[in-house]
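K.L.:
If you read the protein sequences in the order shown, they are chains A, B, C and D. In case it helps, my numbering puts the first sequence at residues 62 to 470. In case it helps, my numbering puts the second sequence at residues 62 to 470. In case it helps, my numbering puts the third sequence at residues 62 to 470. In case it helps, my numbering puts the fourth sequence at residues 62 to 470. From the three backbone atoms N, C-alpha and C, an ideal C-beta is built for every residue, glycine too. Just so we're clear, the structure is a prediction, and the values are computed from it rather than from any experiment.
There are 4 protein chains.
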Amino acid sequence: MTVHTEDAAMHGELLEPITPEGRELLRLIETHRPAIAEAAPGNDRNGTFPHDVFDGLRKDGVLGATVPSALGGLGVERLHDVALALLKVAEADASTALALHMQLSRALTLTYEWRTGPAHARALAERLLRGMGSGDSVVPTGVKDIPRDRRLTTLTPDDDGGWLLTGGKTLVSLAPIATDFAVYAQTRVPGERSRYAMAVLTRDTPGLTVMDNWDGLGMRASGTVDILFENCRIAPEDVVLRGLAGEQDLAMLAGQTVSSITMLGIYTGIARSAREIAVSTILSRGTAGAAAARTLVAEMDARLFTMRSAVAAALATSDRLAYDDTGDPQERGPAMMTPFQCAKMMVNQMAPSIVFDAQTLIGGSSFVASHPLARLYRDVRAGGFMQPYTFVDAVDYLSAQALGPVSNG
Amino acid sequence: MTVHTEDAAMHGELLEPITPEGRELLRLIETHRPAIAEAAPGNDRNGTFPHDVFDGLRKDGVLGATVPSALGGLGVERLHDVALALLKVAEADASTALALHMQLSRALTLTYEWRTGPAHARALAERLLRGMGSGDSVVPTGVKDIPRDRRLTTLTPDDDGGWLLTGGKTLVSLAPIATDFAVYAQTRVPGERSRYAMAVLTRDTPGLTVMDNWDGLGMRASGTVDILFENCRIAPEDVVLRGLAGEQDLAMLAGQTVSSITMLGIYTGIARSAREIAVSTILSRGTAGAAAARTLVAEMDARLFTMRSAVAAALATSDRLAYDDTGDPQERGPAMMTPFQCAKMMVNQMAPSIVFDAQTLIGGSSFVASHPLARLYRDVRAGGFMQPYTFVDAVDYLSAQALGPVSNG
Amino acid sequence: MTVHTEDAAMHGELLEPITPEGRELLRLIETHRPAIAEAAPGNDRNGTFPHDVFDGLRKDGVLGATVPSALGGLGVERLHDVALALLKVAEADASTALALHMQLSRALTLTYEWRTGPAHARALAERLLRGMGSGDSVVPTGVKDIPRDRRLTTLTPDDDGGWLLTGGKTLVSLAPIATDFAVYAQTRVPGERSRYAMAVLTRDTPGLTVMDNWDGLGMRASGTVDILFENCRIAPEDVVLRGLAGEQDLAMLAGQTVSSITMLGIYTGIARSAREIAVSTILSRGTAGAAAARTLVAEMDARLFTMRSAVAAALATSDRLAYDDTGDPQERGPAMMTPFQCAKMMVNQMAPSIVFDAQTLIGGSSFVASHPLARLYRDVRAGGFMQPYTFVDAVDYLSAQALGPVSNG
Amino acid sequence: MTVHTEDAAMHGELLEPITPEGRELLRLIETHRPAIAEAAPGNDRNGTFPHDVFDGLRKDGVLGATVPSALGGLGVERLHDVALALLKVAEADASTALALHMQLSRALTLTYEWRTGPAHARALAERLLRGMGSGDSVVPTGVKDIPRDRRLTTLTPDDDGGWLLTGGKTLVSLAPIATDFAVYAQTRVPGERSRYAMAVLTRDTPGLTVMDNWDGLGMRASGTVDILFENCRIAPEDVVLRGLAGEQDLAMLAGQTVSSITMLGIYTGIARSAREIAVSTILSRGTAGAAAARTLVAEMDARLFTMRSAVAAALATSDRLAYDDTGDPQERGPAMMTPFQCAKMMVNQMAPSIVFDAQTLIGGSSFVASHPLARLYRDVRAGGFMQPYTFVDAVDYLSAQALGPVSNG
């Protein structure tokens with residue numbers, strides 16, 4: 062008789078970690094959950110960052126969870142386990158999870174760089190990862206250019222063999238405690254075609270300004286601010302050049318997936334939390350017998366199960382392909398991104414609907430600002446805006462996968 | 062570095078078999094798909110059973126796929142693989158898949174009986190399984206009493222140590238080629254409490270009438286008829302007694318899950334087929350550029366992915382628990398049934414919506430009776446009525462799991 | 062104190078006629094509803110046209126309901142009243158309503174022609190209307206060219222001052238008892254630009270073939286066939302020329318709205334009927350206490366109310382503008398079409414969902430082909446395909462109204 | 062030819078007032094809309110009441126809009142017109158509309174009292190209405206008892222022929238500028254059965270505490286606070302006794318409908334505003350060509366039309382019945398409440414979905430706290446909690462209308 066391992070079932074619903082390292086990470090997080098939950102309401106109200114919480118996470122090694130153990134980290138490398146960890150944090154506070162995600166996903170992509178990149182990139186990655194592993198370094202990423210002026214963030218050669226970084230990035234979560242920033246930019250070198258590049262700079266770099274300007278509808282404790290660059294000098298070894306700007310490179314979808322897919326755990330955690338609050342409230346009130354209450358709870362549980370399953374399935378594909386370099390990178394990119402986008406589209410629909418129904422179940426008391434569901438209602442809306450992609454862009458991406466580009470239509 | 066097996070990803074979306082036996086079953090089915098697809102329109106129109114198709118399946122051992130190899134079958138035992146096989150058949154014809162499901166799921170539950178039942182039940186199971194393994198026996202089940210008279214199907218003692226079966230069952234798919242029937246009944250023994258029982262009788266049993274009365278909105282080729290019993294004599298060794306009638310036995314939910322969960326593959330297959338027809342049609346027409354077309358296709362693909370993931374996750378849990386006798390049976394039952402019902406609730410919502418949207422994409426031509434989507438539109442509606450449970454009953458079941466019984470509300 | 066008339070409330074939900082003529086039409090229909098309902102199952106099964114029903118409607122003047130009383134008709138001219146009449150017929154049989162719609166909407170547009178058209182068109186309209194008013198004439202329209210060959214239906218000059226009609230039309234409901242056909246075509250005159258035109262021809266015109274080829278998923282008794290033209294001679298007085306082909310003429314949206322908007326009543330009637338069947342069934346079974354049943358019924362009733370209100374509002378706008386020639390015709394067209402399309406988009410979503418939920422409420426018995434809900438499930442799907450517009454085209458139309466054409470985007 | 066009035070169309074979509082008084086009210090509101098819109102962001106952020114706005118509205122007679130002209134008001138009495146006025150205010154600021162609703166609906170129900178009540182109640186109503194008509198009185202209502210202690214608000218006889226009011230009410234909007242409160246209570250008289258009663262007390266009544274404790278998720282400028290009563294003396298002429306407590310009185314549904322139905326205009330206004338912001342934003346950005354953008358806008362417009370139509374239809378029925386005393390009051394109550402609840406259920410689903418989609422259209426910039434859509438996202442959620450009824454209670458109400466009470470099920 063075939064041996065039936067527990068493995069598949071555990072994957073299938075994003076309920077259990079699948080590696081020992083993931084299990085250890087969850088154990089650590091469990092010890093911090095009460096403090097995270099306790100700090101959440103105040104930081105949400107005031108839009109302040111949970112410094113104490115992150116001090117605690119740092120001391121216990123959580124900020125280095127996805128750093129390889131050889132470099133001082135916990136060595137969690139399965140996206141499934143990272144997403145599950147973020148889910149558990151998000152059940153206590155989604156803002157904290159969003160900020161933590163910045164660090165955990167950064168180490169995942171740096172590890173890939175460290176394992177497979179050119180020597181130069183490997184050295185940079187190793188330096189950063191060792192810092193992250195010891196808890197000394199916190200390295201959020203700046204992906205999105207500040208929209209107002211739509212001025213791209215650029216790297217121009219300085220007079221010394223290095224680079225000058227100018228521009229700005231928005232929505233940089235975790236910035237309040239950042240020690241370094243990893244910034245996506247484009248080169249501007251006279252006589253050469255522009256290239257994509259990642260530049261790393263320390264927080265004390267002259268010309269760098271870290272704003273304190275986050276005032277979101279939700280995710281208010283995530284420290285998601287703008288950072289500005291004014292001729293920041295970057296040493297040549299702190300810049301990794303990539304492909305030519307403007308050329309579509311489907312291979313890059315793999316890295317984008319790794320960077321972002323674990324955020325699906327956050328919105329799953331929000332939905333779980335909302336469901337728990339609603340169910341426990343109506344049970345304690347004795348209103349769980351109402352016809353609509355029973356119907357809504359059944360439908361919520363079915364959706365929650367489905368959402369967890371879809372997220373777990375997308376994570377499983379990414380986990381399978383993330384370290385698999387054997388295939389065509391131009392195929393691997395979409396093979397990772399497409400399940401991610403399918404799951405994200407459903408999460409962005411189902412998670413808000415579960416929070417909405419949770420409020421419906423318990424009524425007007427959830428409309429008071431201090432009610433936990435009021436925070437979840439605001440936090441959960443962030444999911445639709447996480448890159449990649451928004452709904453509008455996801456329709457373009459997925460329909461192009463199925464139907465080809467519009468011009469073929 | 063951790064070894065990343067393919068396993069999880071393959072489970073995650075119900076795309077690939079997970080055992081060699083499952084792979085062999087899929088290979089066999091692939092050879093029959095053209096014939097199944099070809100026979101489908103005519104049998105749908107006329108409400109006739111695909112005898113030729115089933116002759117072919119029998120010859121190739123597909124009708125014994127889930128019989129243990131020791132008893133002459135293919136030995137497929139993972140529910141995942143069975144569901145995937147039914148998905149593939151359903152892509153060609155859902156009626157054929159529904160009828161085939163009867164045989165495949167029967168052998169699964171008989172195998173469980175053969176492995177874990179009392180001696181008497183094991184012997185009966187072995188006899189039936191050997192017949193199914195060789196292709197000689199086709200054994201659909203009669204679960205649902207004929208609703209009109211709501212007269213229960215009963216077993217009363219005959220004068221000879223055996224039983225007399227009286228009553229009738231409805232919605233017995235696969236009946237046109239049945240050699241035997243497995244019938245759920247209740248005993249009526251003077252002075253004893255009534256018990257649940259399974260009675261097995263051959264098709265030529267005097268008093269048995271197999272009607273030819275199926276005329277469904279859809280699933281018209283599934284041979285889903287009524288069978289009537291008028292004092293049919295059943296030998297004592299062909300009856301397996303179970304628990305006391307009227308007592309709730311949560312352990313029975315495990316068997317019910319095994320019997321029915323693989324049907325989720327059928328509705329997933331219908332949805333996939335509808336999506337393929339729609340996409341290929343608009344591509345061939347050159348209308349794939351319309352805004353609504355692109356939006357609908359992206360949303361369909363996201364839902365299809367999600368549905369597949371939810372089904373795969375529910376199957377994974379059932380596969381893990383199906384042969385696991387170590388826990389409390391009263392807990393195992395709900396642990397299998399709850400994910401099944403969550404997945405079923407979503408499938409019963411998403412699969413019809415995908416077929417609906419597929420018709421929307423290609424317009425009025427899909428409203429002609431002979432169009433493949435017209436058949437899928439009718440077939441897919443069956444999903445909501447498959448036991449266990451309908452939506453109304455599933456709300457009762459799931460809400461009781463979450464909230465306790467109504468009286469607690 | 063302001064006088065509060067009953068008027069608004071009656072409009073608001075498509076429940077009562079708003080003119081005496083409308084009331085008389087409803088009275089007449091009420092007398093035929095039992096016969097319509099009785100004939101429905103058989104004609105649905107066999108795909109046959111309800112000749113007896115239409116004989117009865119003709120005798121009572123229903124086929125001339127929308128002909129002005131001066132020309133022998135009942136003089137019903139409010140679209141609201143026509144839609145309500147079709148709703149009532151559709152509650153008994155949707156196919157009959159769809160066929161009847163052909164005649165009633167034809168007389169409405171001919172009446173407009175008779176009142177406001179050029180002398181030539183007035184004469185043609187009057188002749189047809191008198192025939193329709195007396196019950197002698199039945200005049201369905203052919204709008205949609207047969208899709209296979211996509212050959213346009215054209216009028217070329219004959220050698221005698223008249224025209225030759227060649228081509229074919231599909232989805233011509235009511236054709237089995239048609240005495241004449243009103244056919245949309247384009248002129249092909251050497252040296253001239255092509256024009257839109259309406260040609261009227263009698264059923265016995267040489268070269269005209271009325272097929273008997275309707276075999277729909279639903280609406281099977283509507284007599285919706287193809288008609289073919291092979292050099293049919295049309296007298297010059299039986300052709301009305303309109304604008305230049307290929308030029309967008311927003312004014313034409315007014316006539317298209319009048320021709321089609323009353324069909325919304327049909328799908329409202331189907332939904333009402335489905336709701337009634339479901340509610341009466343669960344009441345008679347004693348299963349109306351289930352949590353999901355109560356939730357579904359409440360939601361169905363809310364949707365049904367909403368659908369009726371949206372349809373009534375769109376009809377009110379059309380009724381206000383239909384005979385109002387004072388404004389800019391290029392504005393009147395969209396002012397009528399936009400509310401119609403908004404209402405239609407919701408009807409095409411809500412009516413099927415109500416039928417779906419009705420089946421969910423009563424379960425598997427509604428999956429038998431002979432169950433009334435099985436017919437409604439098939440019939441209601443037609444709504445999405447009625448012109449103008451399908452969902453895909455409606456998105457293009459409505460988004461262009463809101464956002465301008467795509468190139469502006 | 063029948064005269065086609067504009068009337069129906071104007072009703073049908075809640076676009077135009079239907080009485081001269083309503084038109085005048087809208088004219089007045091139009092002059093205040095810029096100030097209302099300007100004050101909104103700051104008051105939302107700080108949770109402060111827009112005193113200046115209400116000073117302005119008072120000066121122009123808007124606070125007496127629904128007072129009969131004989132008593133110094135504008136004489137607006139059609140619910141349609143009141144709802145439309147609130148819609149227009151809500152487009153500028155929903156909180157302001159919610160607070161204004163308190164005053165406008167209070168005068169409507171007092172007018173009914175003044176016209177049809179017993180002498181004693183007429184006198185009280187007249188006094189209050191004259192104050193409201195002159196702008197001197199602002200009279201919000203306290204309906205909902207403070208939930209924590211669930212202690213009912215009660216009237217006990219004092220030693221002087223009057224009453225003592227004790228208890229508390231929550232969610233009393235407009236309280237910051239209230240001059241009087243109309244409070245629903247139950248009598249406690251030794252030896253008598255408890256009755257429902259309305260007590261009116263001035264703000265300076267000893268024992269009355271008006272809290273400043275509103276801190277909502279949304280509607281933050283509506284001044285929705287708790288008020289507490291500690292043995293407040295109420296003169297006998299300021300109490301109106303109604304039916305026996307605990308007895309179901311369907312007639313009371315009429316007054317409840319009049320009190321609350323016009324709030325549907327508020328949520329329609331929020332949805333309209335959200336749609337306008339989204340459309341103008343994507344047009345100004347040049348992103349209106351995206352497939353998903355076009356699909357979402359078309360669907361939003363269809364839903365917006367439908368929502369407006371449903372609200373208008375429910376208002377039309379209430380307007381017809383509100384002053385119609387000719388029928389059975391036990392039938393009039395449900396005849397008004399049922400359409401109201403159907404419309405409310407759809408509004409509570411559609412308005413949030415339109416705001417959600419508006420955010421989806423314009424992306425992450427709408428997730429900043431200061432973005433207008435961020436306020437609308439919070440404000441619109443209030444709709445689900447407005448009495449009567451929440452979704453859970455509405456399911457009970459509507460299903461009982463359709464199916465009878467649960468015990469019959």
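Residues of chain D with CB under 8 angstroms from A/Phe110, in chain order?
P.N.:
Residue numbering aside, residue 110 of chain A sits at position 49 when the first sequence is read from its first letter. Under the 8 angstroms cutoff, chain D gives no residues; its nearest Cβ is about 16 angstroms from A/Phe110.
K.L.:
Does DSSP put B/Leu311 in a helix, in a strand, or in coil?
P.N.:
Start at 1 with the first residue of the second sequence, and residue 311 of chain B comes out as number 250. B/Leu311: coil per DSSP, three-state reduction.
K.L.:
For a minimum of 4 consecutive residues, which ranges assigned as the alpha helix (DSSP H) are wholly contained in the region 387 to 452 of chain B?
P.N.:
390 to 423, 433 to 441, all fully within the region 387 to 452 of chain B.
K.L.:
Give a yes or no on whether the minimum CB-CB distance between C/Arg364 and chain A is below 8 angstroms.
P.N.:
Residue numbering aside, residue 364 of chain C sits at position 303 when the third sequence is read from its first letter. Chain A contact via Cβ: absent.
K.L.:
Using CA coordinates, which residue listed in D/Ile238, D/Ser320, D/Val123 is at the minimum distance from D/Leu171?
P.N.:
If you number the fourth sequence from 1, residue 171 of chain D lands on position 110. Ranking D/Ile238, D/Ser320, D/Val123 by Cα distance to D/Leu171 puts D/Ser320 first.
K.L.:
Measuring only the C-alpha atoms, how far is C/Thr66 from C/Glu174?
P.N.:
Residue numbering aside, residue 66 of chain C sits at position 5 when the third sequence is read from its first letter. Residue numbering aside, residue 174 of chain C sits at position 113 when the third sequence is read from its first letter. Its pLDDT being 40, under 50, C/Thr66 is placed unreliably by the model, and nothing is read from it.
K.L.:
What runs of the beta strand (DSSP E), each 3 residues or longer, lie entirely inside the region 269 to 302 of chain C?
P.N.:
Qualifying beta strand (DSSP E) stretches, in chain order: 269 to 271, 286 to 295.
K.L.:
Who are the near neighbours of A/Leu314 in its chain, counting only those whose CB is closer than 7 angstroms to its CB and skipping five residues on each side?
P.N.:
In the first sequence, counting from the first residue as 1, residue 314 of chain A sits at position 253. If we look at A/Leu314 and ignore the five residues flanking it on each side, its Cβ neighbours are Gly394, Pro395, Met397, Met398.
K.L.:
Does DSSP classify A/Ala239 as helix, strand or coil?
P.N.:
Within the first sequence, numbered from 1, the residue matching residue 239 of chain A stands at position 178. Three-state result, A/Ala239: coil.
K.L.:
Can you tell me whether D/Asn107 is buried or exposed? The criterion is at least 16 other CB atoms within 10 Å of its CB, across all chains shown.
P.N.:
Sequence index remark: in the fourth sequence, residue 107 of chain D carries index 46 (1-based). Label assigned to D/Asn107: exposed.
K.L.:
Helix, strand or coil, according to DSSP, for A/Leu169 in the structure here?
P.N.:
What you label residue 169 of chain A is simply residue 108 of the first sequence in a count that begins at 1. Helix.
K.L.:
When the cut-off is 8 angstroms and only beta carbons count, does B/Tyr450 lie next to chain A?
P.N.:
Counted from its first residue, the second sequence places residue 450 of chain B at position 389. Judged by the 8 angstroms Cβ criterion, B/Tyr450 is not in contact with chain A.
K.L.:
Closest Cβ-Cβ distance between C/Ala339 and chain A: below 8 angstroms?
P.N.:
Position 278 of the third sequence, counted from the start, is the residue given in the question as residue 339 of chain C. No, because no Cβ of chain A sits closer than 8 angstroms to the Cβ of C/Ala339.
K.L.:
Hey, how far is the Cα of A/Ala461 from the Cα of C/Leu169?
P.N.:
Locating residue 461 of chain A in the first sequence gives position 400, where the first residue counts as 1. Locating residue 169 of chain C in the third sequence gives position 108, where the first residue counts as 1. For A/Ala461 and C/Leu169, the distance between alpha carbons rounds to 45 angstroms.
K.L.:
Any C-beta of chain D within less than 8 angstroms: which residues of the region 245 to 276 of chain A qualify?
P.N.:
For the region 245 to 276 of chain A, which is checked against every Cβ of chain D, the residues closer than 8 angstroms are Asp276.
K.L.:
In terms of alpha-carbon separation, which member of B/Thr202, B/Arg281, B/Gly73, B/Arg119 lies closest to B/Leu448?
P.N.:
On the second sequence, residue 448 of chain B is found 387 positions in, with the first residue counted as 1. In the sequence under discussion, the amino acid at residue 448 of chain B is Gln, which differs from the Leu named in the question. Nearest of B/Thr202, B/Arg281, B/Gly73, B/Arg119 to B/Gln448, Cα basis: B/Thr202.
K.L.:
Within this structure, are the beta carbons of D/Ser156 and D/Ala282 separated by less than 8 angstroms?
P.N.:
Translated into the one-based positions of the fourth sequence, residue 156 of chain D becomes position 95. Translated into the one-based positions of the fourth sequence, residue 282 of chain D becomes position 221. In contact: D/Ser156 and D/Ala282 (Cβ atoms closer than 8 angstroms).
K.L.:
Just verifying my parser: in three-state terms, what is the DSSP assignment at D/Thr66?
P.N.:
Residue 66 of chain D sits at position 5 when you count from the first residue of the fourth sequence. Low per-residue confidence applies at D/Thr66: pLDDT is 40, beneath 50, and the placement is therefore not dependable enough to give any value.
K.L.:
Cβ of A/Leu86 less than 8 angstroms from any chain B Cβ?
P.N.:
Taking the first sequence and counting its residues from 1, the one referred to as residue 86 of chain A is at position 25. No, A/Leu86 does not count as interfacial toward chain B.
K.L.:
Please report whether the beta-carbon of C/Thr170 lies at a distance below 8 angstroms from any beta-carbon of chain B.
P.N.:
The residue you call residue 170 of chain C lines up with position 109 of the third sequence. For C/Thr170, the answer is no, since every Cβ of chain B falls outside 8 angstroms of its Cβ.
K.L.:
Among the residues of its own chain, which have a CB less than 7 angstroms from the CB of C/Val286, if the five just before and after it don't count?
P.N.:
Here residue 286 of chain C is taken as the residue at index 225 of the third sequence, counted from 1. So the list reads Val233, Ala236, Val271, Met272, Asp273, Asn274, Trp275, once near-sequence residues are dropped.
K.L.:
From which residue to which residue does the beta strand (DSSP E) around A/Met324 run?
P.N.:
By one-based count along the first sequence, residue 324 of chain A stands at place 263. Premise fails: A/Met324 is in no beta strand (DSSP E) and is neither H nor E.
K.L.:
Where B/Ala180 and B/Asp380 are concerned, what is the direct C-alpha to C-alpha distance, given to the nearest angstrom?
P.N.:
Sequence index remark: in the second sequence, residue 180 of chain B carries index 119 (1-based). Sequence index remark: in the second sequence, residue 380 of chain B carries index 319 (1-based). Each residue's alpha carbon lies about 25 angstroms from the other.
K.L.:
Check distances from the C-beta atoms of the region 342 to 370 of chain A to those of chain E and list, in chain order, the residues that come in under 7 angstroms.
P.N.:
No chain E appears in the structure shown, which is made up of the protein chains A, B, C and D.
K.L.:
How should B/Thr231 be labelled, buried or exposed, when 16 other C-beta atoms within 10 angstroms of its C-beta is the threshold for buried?
P.N.:
As a position in the second sequence, residue 231 of chain B is number 170, starting the count at 1. Buried, by the Cβ-count rule.
K.L.:
Please state whether DSSP places D/Arg212 in a helix, a strand or coil.
P.N.:
Along the fourth sequence, one-based indexing puts residue 212 of chain D at 151. DSSP places D/Arg212 in coil when its eight states are reduced to three.
K.L.:
Identify the contact partners of C/Ser460 in chain D, using a Cβ-Cβ distance below 7 angstroms as the criterion.
P.N.:
Stepping through the third sequence from its first residue, residue 460 of chain C is reached at position 399. Under the 7 angstroms cutoff, chain D gives Arg355, Val358, Ala359.
K.L.:
Once DSSP output is grouped into helix, strand and coil, what is the label at D/Asp113?
P.N.:
Taking the fourth sequence and counting its residues from 1, one reaches residue 113 of chain D at position 52. Looking at D/Asp113 - three-state DSSP - the assignment turns out to be helix.
K.L.:
Does the separation of the CB atoms of B/Ala352 and C/Asp220 fall below 8 angstroms?
P.N.:
The residue labelled residue 352 of chain B in the question sits at position 291 within the second sequence. The residue labelled residue 220 of chain C in the question sits at position 159 within the third sequence. Not a contact, by the Cβ cut-off of 8 angstroms.
K.L.:
Report yes if the C-beta distance between B/Leu325 and B/His141 is below 8 angstroms; otherwise report no.
P.N.:
One-based indexing of the second sequence puts residue 325 of chain B at position 264. One-based indexing of the second sequence puts residue 141 of chain B at position 80. No.
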